[in-house]
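Numbering (our numbering), first residue to last: 77 to 122.
Below is one structure, written out as structure tokens, with a few remarks after it.
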């Protein structure tokens, strides 16, 4: 299974977290104080 989506400019890409629990994938994207240049990242799922 693969799912892609755009991360908002104001998301802190270094603090993205993902957790798979009880059949549910939760992805957390905290906001930053300033917008950063967009880039592709891989997020490990625990």
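Backbone N, C-alpha and C fix where the C-beta goes; we use that ideal spot for every residue, glycine too.
In the structure shown, residue 90 falls within a helical segment according to DSSP collapsed to helix, strand and coil.
A distance below 6 Å between beta-carbons, with the five flanking residues on each side excluded, links residue 104 to the following residues of its chain, in chain order: 93. The DSSP-derived three-state label of residue 81 is coil. Residue 91 and residue 102 have their alpha carbons spaced roughly 14 Å apart. DSSP lists no beta-bridge partner residue for residue 108.
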